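Scroll down for the structure; my scribbles are underneath it.
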Amino acid sequence: MTGPELNRWADRVWHHQRTATPMARITEEVPHLTVEDGYAIQARLIDRRTASGEHLIGYKMGLTSEAKQHAVGVSLPIYGRLTDAMELHTPIVDGSRLIHPRVEPELAIVLKRGLAGSVPLRDVLTAIECVLPAWEVIDSRYEGFSFTAADVVADNASAAQFYLPPYAFSPYGRDWAEMGVTVRRNGHVRHVASAAAVLGHPWEAVRRLAILLAQEDRELLPGQVILTGGITDAVPLSPGDRLQMTFGTLGILDVVVP
Ligand code: 0L1
Ligand code: MG
């Protein structure tokens with residue numbers, strides 16, 4: 419794809435993100451769109467967001483569990499970029515600004531050291547400043563939440579919003595892969611899983627992210643936030659919903675949809 423074509427698609431996706439209106443998949447018009455094209459569109463999309471005053475604060479990993487890969491028919495982990503405008507400071511999701519939102523529990527980390535390229539899992543562990551239970555709202559801009567890997571990468575891995583509570587934990591002293599998560603929607607249990615569902619260990623998602631970025635001569639930086647991937651399948655959100663996500667003994671995060 420040429421530079422002007424990549425820009426045209428970035429403009430189109432940005433328009434549909436801003437206006438919360440669904441669009442046809444890019445691959446309907448460009449069947450041979452590659453994942454590399456998708457990342458090039460994503461980079462231009464984020465340029466548009468930063469040009470409008472947003473700041474890049476980190477990354478999200480997506481499609482990191484078999485449950486999620488199976489749900490959308492795409493079988494490789496992908497990444498998206500997070501800006502400050504995507505962060506919610508209260509656990510309230512305003513559905514009027516979204517198309518067909520879904521929410522998923524995740525572990526988030528903040529880095530104290532950078533990571534570049536392929537490193538052992540132990541280096542990821544010692545680069546983590548703190549760990550936070552979190553949730554992410556994903557909202558594919560594509561009609562019917564249906565896409566190929568290249569489409570979803572171009573749409574910034576469906577990133578829409580995320581919430582981090584005002585408390586965090588040391589990465590040390592527990593095996594985070596063993597942490598159990600229960601998701602209740604309106605009082606009914608919808609999903610139960612352990613964080614091992616994320617590539618065997620959520621820090622493996624961070625390791626893979628550093629490798630993916632190195633393929634584009636980029637690296638993870640100190641202070642960046644990383645959402646490591648949905649621990650369960652995502653739950654569709656409707657007005658009036660109230661969800662509770664229990665993260666082992668660490669706490670409960672609410673999700674409220676007015
Ligand atoms: O965060 C995620 O795992 C979502 C990645 C994109 C696929 C989807 O929209 O479900
Ligand atoms: Mg996610």
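My numbering puts the first residue of the sequence shown at 419, with every later residue one more than the last. Beta carbons: idealized from backbone N, C-alpha and C, even for Gly. Values in this document were obtained by computation on a predicted structure and should not be read as measured data.
DSSP three-state assignment for residue i, whether helix, strand or coil
| i | result |
| --- | --- |
| I464 | helix |
| V537 | coil |
| A578 | strand |
| Y457 | helix |
| A485 | helix |
| G562 | helix |
| H619 | coil |
| S612 | strand |
| T544 | helix |
| I517 | coil |
Heavy atom of the ligand 0L1 within 6 Å of residue i beta-carbon
| i | result |
| --- | --- |
| L481 | yes |
| V542 | no |
| V570 | yes |
| S558 | yes |
| S493 | no |
| A575 | yes |
Beta-carbon contacts of residue i that lie in its chain and below 6 Å, excluding the five residues immediately before and after
| i | result |
| --- | --- |
| Y457 | V571 |
| V585 | Note on residue identity: the sequence assigns Tyr, not Val, to residue 585. No residues qualify anywhere along the chain. |
| A615 | S483, I649 |
Beta-carbon proximity check, residue i vs residue j, cutoff 7 Å
| i | j | result |
| --- | --- | --- |
| P551 | L668 | yes |
| M441 | H450 | no |
| I644 | I527 | yes |
| L525 | V549 | yes |
| G498 | A577 | yes |
| R462 | L424 | yes |
| P620 | T600 | no |
| I464 | L500 | no |
| V511 | V555 | yes |
| V653 | R602 | no |
| A567 | V492 | yes |
Residue i Cβ short of 6 Å to the ligand MG heavy atom set
| i | result |
| --- | --- |
| E554 | yes |
| E423 | no |
| G476 | no |
| G648 | yes |
Nonlocal neighbours in the same chain, by C-beta distance under 7 Å from residue i, ignoring five residues either side
| i | result |
| --- | --- |
| A485 | A615, T650, D651 |
| G535 | A628, I629, A632 |
| I459 | L424, W427, A428, V431, A572 |
| A611 | V599, I649, T650 |
Residue burial classification, residue i (beta-carbon count within 10 angstroms, cutoff 16)
| i | result |
| --- | --- |
| I444 | buried |
| H609 | buried |
| A545 | buried |
Closer than 7 Å to chain B by CB, residue i
| i | result |
| --- | --- |
| A552 | Of the protein chains in the structure, only one exists, and it is not chain B. |
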